[in-house]
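Per the working numbering, residue 421 is the first one in the sequence shown, and the count goes up by one each step.
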Amino acid sequence: MKNAVITGITGQDGAYLAQLLLSKGYSVTGVVRRSSNYGLATQRLDWLGVTDQIKLVDGDLLDPGGLCRIIRAARPDEVYNLAAQSFVKTSWDQPSLTSQVTGVGVVNILEAVRQEAPGARFYQASSSEMYGLIQEAMQSEATPFYPRSPYAVAKLMGHWMTVNYRESFDLFACSGILFNHESPLRGLEFVTRKVTDAVAGIALNQVHELRMGNLDATRDWGHARDYVEAMWLMLQSDFPDDYVVATGRTVSVRDMINVAFSHVGLDPESYIKIDPAFMRPAEVDVLLGNPEKAKRVLGWEPKTSLEDMIREMVDADLARRRMR
Ligand code: NDP
Ligand code: GDP
421 MKNAVITGIT GQDGAYLAQL LLSKGYSVTG VVRRSSNYGL ATQRLDWLGV TDQIKLVDGD
481 LLDPGGLCRI IRAARPDEVY NLAAQSFVKT SWDQPSLTSQ VTGVGVVNIL EAVRQEAPGA
541 RFYQASSSEM YGLIQEAMQS EATPFYPRSP YAVAKLMGHW MTVNYRESFD LFACSGILFN
601 HESPLRGLEF VTRKVTDAVA GIALNQVHEL RMGNLDATRD WGHARDYVEA MWLMLQSDFP
661 DDYVVATGRT VSVRDMINVA FSHVGLDPES YIKIDPAFMR PAEVDVLLGN PEKAKRVLGW
721 EPKTSLEDMI REMVDADLAR RRMR
């Protein structure tokens with residue numbers, strides 16, 4: 421039986437990754453940061469029905485000593501660093517915290533692995549936001565980065581630290597440059613889930629408008645369930661490396677909204693209001709990933725279309741709202 425440690429286990433990807441690893445027979449240790457609302461932290465794991473099978477331990481990416489103790493006790497074969505302040509818009513309001521957690525936090529967990537389990541394989545959750553002001557129409561592992569938010573700058577630090585620890589200390593450290601991925605477990609502040617939850621509310625006559633920012637931005641959206649499989653595959657490979665994980669298709673926020681509204685037979689025009697509060701100081705206008713390397717080396721391919729995913733999310737939000 422393999423041991424895995426997941427930071428960020430209470431987040432969207434942490435929940436799906438834990439489910440995947442458990443299905444493969446792993447023993448999973450999940451790092452949870454202390455909260456006065458502790459019982460609420462496991463909501464996503466509860467939704468997938470896996471909470472009882474995971475060993476949850478208290479820890480924070482900002483606390484190096486605690487991370488060392490966790491890694492020493494777990495004796496992991498694989499460590500997945502998914503924890504981050506992950507919401508781009510918040511990163512302008514909390515740039516220092518975002519730099520600490522999303523950037524320096526990666527150094528803290530890499531150091532813990534280097535000191536306590538140097539033979540463990542390490543996965544870093546890097547982001548397509550690092551491409552920011554895109555330097556090539558389709559972004560691959562070779563495309564230069566141009567981050568456009570404190571979040572993206574911090575992720576770039578984490579990415580290069582991962583590469584540096586691989587080259588300096590021979591750690592089996594991989595950086596997955598994942599494009600946006602969503603699911604019914606996505607946080608409500610992100611655009612897809614904000615839309616699917618509002619559409620469900622409108623369909624049930626509980627919500628009457630939807631305030632949005634820039635509808636012209638386009639994203640390469642995939643399903644989190646598919647993307648956690650790519651994380652796992654990277655750590656099963658013969659060599660540590662960096663991989664773009666994407667669908668190779670980009671869709672505007674406007675068109676994504678249309679998919680959600682048409683699923684419940686409604687016209688978005690009647691409900692959408694543009695609100696400057698949701699505009700960003702600097703926008704990432706277009707993201708489009710080239711997943712060719714992940715396909716060729718890892719045999720990974722996305723399985724879920726944007727349309728199927730958005731419909732799954734609307735249905736899940738309808739069910740949640742009906743239960744309230
Ligand atoms: P979420 O925001 O859903 O989850 C983030 C997780 O990090 C939560 O478990 C959160 O805990 C935890 N966390 C935050 N701060 C700390 C801290 N100081 N110490 C320990 N844990 C902390 O993100 P996703 O699951 O969507 O994403 C997973 C990772 O992948 C993130 O690093 C994200 O930046 C990155 N990524 C995500 C993409 C996406 O489209 N989803 C695209 C590319 C990269 P809590 O529950 O207590 O808040
Ligand atoms: P990001 O790509 O990590 O920033 O993921 P988000 O889901 O937060 O945003 C995706 C895109 O949707 C960005 O270009 C946003 O500017 C755009 N967008 C437009 N309106 C909104 C909104 O109301 N909320 C969010 N979160 N994003 C919005």
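The C-beta atom is built at its ideal place from N, Cα and C for all residues, glycine as well. Nothing here was measured: the structure is a model prediction, and the numbers come from that model.
Here Tyr436 carries a helix assignment [DSSP, helix/strand/coil]. When secondary structure is reduced to three states using DSSP, Phe659 falls in the coil class, being assigned neither helix nor strand. For the set Val470, Gln514, Thr430, the Cα lying nearest the Cα of Ser455 is the one of Thr430. With contacts defined by Cβ atoms closer than 9 angstroms, Val508 and Val684 do not form a contacting pair. Taking C-beta atoms under 8 angstroms as the contact rule, Val499 and Ala540 qualify, at a distance of about 5 angstroms.
Checking the 8 angstroms criterion, the Cβ of Ala650 is out of range of every heavy atom belonging to the ligand GDP.
Judged by DSSP secondary structure, Tyr585 falls within the alpha helix (DSSP H) whose first and last residues are 570-589. A Cβ-Cβ separation of about 14 angstroms leaves Phe610 out of contact with Ser548 under the 8 angstroms criterion.
From the listed residues Met577, Ser516, Leu624, Ile491, the smallest Cα separation to Gln535 is found for Ile491.
Residue state for Asp478 is assigned as strand, using DSSP reduced to three classes. For Ala644, the Cβ falls inside the 8 angstroms cut-off from some heavy atom of the ligand NDP. Check the Cα spacing between Val573 and each of Ile597, Thr522, Phe592: the tightest is with Thr522. Every alpha helix (DSSP H) of 4 residues or more that sits fully in the segment 453-536 is shown, in chain order, as 463-468, 484-494, 510-513, 515-518, 525-536. Distances between the C-beta of Phe599 and the heavy atoms of the ligand NDP include at least one below 8 angstroms. DSSP places Phe681 inside the alpha helix (DSSP H), whose first and last residues are 673-683.
Judged by DSSP in its simplified three-state form, Arg541 adopts strand.
Ile677 and Ser511 have their C-alpha atoms spaced approximately 25 angstroms apart.
Residue nearest to Ala623 within the set Pro567, Asp735, Asp480 is Asp735 (criterion: CA-CA distance). For Pro515, the CB contacts under 7 angstroms within the same chain, skipping 5 residues up- and downstream, are Pro570 in chain order.
Look at Arg639 here: in three-state DSSP terms it is strand. In the three-state reduction of the DSSP assignment, Glu732 falls in the helix class. Annotation for Val717: Ser657, Asp661, Tyr663 place their beta carbon closer than 8 angstroms to its own, counting only its chain and skipping 5 residues before and after.
When distances are taken from the beta-carbon of Ala714 to the heavy atoms of the ligand NDP, even the shortest one reaches 8 angstroms or more. By the Cβ rule, the segment 457-464 does not count as touching the segment 612-619, because fewer than three pairs are nearer than 8 angstroms. Looking from the CA of Val665, the closest CA among Leu708, Val627, Pro688, Ser443 belongs to Leu708. Cβ neighbours of Glu721 within its own chain (closer than 7 angstroms, five residues either side excluded): Lys715.
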